[in-house]
Amino acid sequence: MKLSHRRWWLLANMLFVCGCGDKQLQEPEIDTSKSKAEFGYQTSAQTALLLEGKKAYEQYCVGCHGVNGDGKGEGSYALSPKPRDFVMAKFKFSSTRSGQLPTDEDLLRTITLGLRGSAMPSWNFVPEQTRIAMVQYIKTFSPKWKQFGEGARIPLYNDPYKQEADKTAAIERGRAAYHGFFRCWTCHPAYVEPAKISEYIATFGGAPAETYRPDLHLADIKATEAGESIFAPDFLRDFVRAGSTIPDLYRSIAAGITGTAMPTWVDIMDSPPTDAAGKPLVQPADLWAMSYYVQDLIKQRPARLAAGKVAVRPLREITFKMGGAEYVAKVPQLDSAEEEE
Ligand code: HEC
Ligand code: HEC
881 MKLSHRRWWL LANMLFVCGC GDKQLQEPEI DTSKSKAEFG YQTSAQTALL
931 LEGKKAYEQY CVGCHGVNGD GKGEGSYALS PKPRDFVMAK FKFSSTRSGQ
981 LPTDEDLLRT ITLGLRGSAM PSWNFVPEQT RIAMVQYIKT FSPKWKQFGE
1031 GARIPLYNDP YKQEADKTAA IERGRAAYHG FFRCWTCHPA YVEPAKISEY
1081 IATFGGAPAE TYRPDLHLAD IKATEAGESI FAPDFLRDFV RAGSTIPDLY
1131 RSIAAGITGT AMPTWVDIMD SPPTDAAGKP LVQPADLWAM SYYVQDLIKQ
1181 RPARLAAGKV AVRPLREITF KMGGAEYVAK VPQLDSAEEE E
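Under my numbering, the first residue of the sequence shown carries the number 881, and numbering increases by one thereafter.
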């Protein structure tokens, strides 16, 4: 991202500590009016968990995600991508199909690890019990959770490459599938020349494209459902947000990313297209192969800036409201996929 995490993090905290917003904190939908002693009323375990989650949320998360969970915290105005709106409840990174709600485990993982290359920090210093409580609390912002419940996990197919010490075959198969069958380069960059893409396409029985998009070796800009511009990451230079271990990449690739152009790829495995002899052109193992291929690209990512170098970016003017007053500020351009550590 363009501003360092640390700076936004500090800003978010400062805003919270100074209480500039001076908003009334919203109570969760739970009856806490009776004291424990009254009529033998006991705080239920669930209520206690939600209260713990609310307290921690108001301490750590409001600066960006807002007291009402709408993603409009005081520190959110210049962030790109914006903090998630928990009222809309469209979560990007999950082990469930695009469009479905994530599992508790997905939310806990995101909160624990953060989302690299966005302003969302890691909260692994917060005790696990409290992180679990926050997961339950952020689910109170949307009725969708009661209505639909968490989505079903995508199938976790066997990874045939896991036991192999040498991943060359996996990476090569991944490169072929990425360019030749799944055509991930319609959004992400292509990492081979057009002639090679055509060759890969032919191996999957496809007719090679006559023309390829201009800037084939650059990421394409896509709009999210929320109308934000977003780059499909260039794995040689951008961070992936939801982790770069093989299981992380399998999850992102197979499940897709809700609200963005990145589709759910795993479903094609239910009835993959076949060649003339009836043999499937792709198989579940190809999702793993692409995970190894993408990870191999990530590992080649060069260091961003040499020691002592500073990134200078064009500034743009923004106006924002804080504590009732309107302010004008100059902030770095946010429309580039380049991210600063
Ligand atoms: C400094 C700003 C900031 C703070 C503080 C912050 N977040 Fe976030 N959070 C973000 C941004 C930005 C995103 C969206 C990133 C993206 O879309 O790639 C996000 C996304 C999320 C998501 C959605 C992940 C998904 O799959 O869509 C969850 C859940 C979340 N944050 C929880 C929390 C919790 C809980 C806290 C407090 C412990 C917190 N955040 C604090 C900025 C912040
Ligand atoms: C139609 C456009 C599109 C296609 C096709 C596409 N992607 Fe994506 N992909 C995106 C966008 C947009 C994002 C960024 C989402 C975000 O960060 O909000 C993304 C993100 C990703 C990520 C990063 C997830 C993270 O943790 O940040 C991976 C990995 C990925 N894509 C792999 C693939 C692979 C492999 C293919 C081909 C099988 C593919 N994508 C095809 C649009 C696409």
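Ideal placement from N, C-alpha and C gives every residue a C-beta, glycine not left out.
Residue range of the unbroken alpha helix (DSSP H) whose run includes residue i
| i | result |
| --- | --- |
| residue 1028 | 1024-1028 |
| residue 1012 | 1008-1018 |
| residue 991 | 984-993 |
| residue 1130 | 1126-1135 |
| residue 943 | 942-945 |
| residue 1041 | Premise fails: residue 1041 is in no alpha helix (DSSP H) and is neither H nor E. |
| residue 1080 | 1074-1083 |
| residue 1165 | 1165-1179 |
| residue 1052 | 1048-1056 |
Distance CB(residue i)-CB(residue j) smaller than 9 Å
| i | j | result |
| --- | --- | --- |
| residue 1127 | residue 1149 | no |
| residue 1100 | residue 1068 | yes |
| residue 996 | residue 1121 | yes |
| residue 1138 | residue 972 | yes |
| residue 1113 | residue 1096 | no |
| residue 1178 | residue 1124 | yes |
| residue 1086 | residue 1119 | no |
| residue 1080 | residue 1056 | yes |
| residue 936 | residue 1010 | yes |
| residue 1110 | residue 1092 | no |
| residue 986 | residue 974 | yes |
| residue 1147 | residue 1054 | no |
| residue 969 | residue 1003 | no |
| residue 957 | residue 1200 | yes |
Beta strand (DSSP E) segment containing residue i, residue limits
| i | result |
| --- | --- |
| residue 1110 | 1109-1111 |
Beta-carbon separation (whole angstroms), residue i vs residue j, contact threshold 8 Å
| i | j | result |
| --- | --- | --- |
| residue 845 | residue 1020 | The requested residue 845 is not part of the displayed model; the chain covers only 881 to 1221. |
| residue 951 | residue 962 | 6 Å |
| residue 1041 | residue 1167 | With 8 Å as the limit, residue 1041 and residue 1167 do not qualify as a contact, their Cβ atoms being about 11 Å apart. |
| residue 1225 | residue 959 | The chain is shown only over 881 to 1221; residue 1225 falls outside these bounds and no answer can be derived. |
| residue 955 | residue 941 | That belief does not hold up - the Cβ atoms of residue 955 and residue 941 are roughly 11 Å apart, past 8 Å. |
| residue 967 | residue 953 | Rounded, the Cβ-Cβ distance is 13 Å, inconsistent with contact. |
According to DSSP, residues forming a beta bridge with residue i
| i | result |
| --- | --- |
| residue 1201 | 1206 |
| residue 1160 | 1154 |
| residue 1033 | 976 |
| residue 1102 | 1110 |
Near ligand 4: residue i beta-carbon under 8 Å from a heavy atom
| i | result |
| --- | --- |
| residue 991 | This structure lacks ligand 4; its bound ligands are ligand 1 and ligand 2. |
- Should the segment 982-992 be regarded as contacting the segment 1010-1018, the criterion being three or more beta carbon pairs within less than 8 Å? Per the Cβ contact rule, the segment 982-992 is in contact with the segment 1010-1018 (3 or more Cβ pairs under 8 Å).
Would you be able to state if there are at least three C-beta pairs under 8 Å between the segment 1029-1049 and the segment 964-983? Using a C-beta cut-off of 8 Å, the segment 964-983 makes contact with the segment 1029-1049, since at least three inter-stretch Cβ pairs fall below that distance.
Q.
Whether or not the segment 963-978 and the segment 1126-1144 are in contact is what I'm after, with contact meaning three or more pairs of Cβ atoms, one per stretch, closer than 8 Å; do they touch?
A. Proximity of the segment 1126-1144 to the segment 963-978 meets the contact definition, three or more beta-carbon pairs being nearer than 8 Å.
- Item | contact_flag[the segment 1167-1179, the segment 1046-1060] where n(CB pairs < 8 Å) is 3 or more | Enough Cβ pairs lie closer than 8 Å, so yes.
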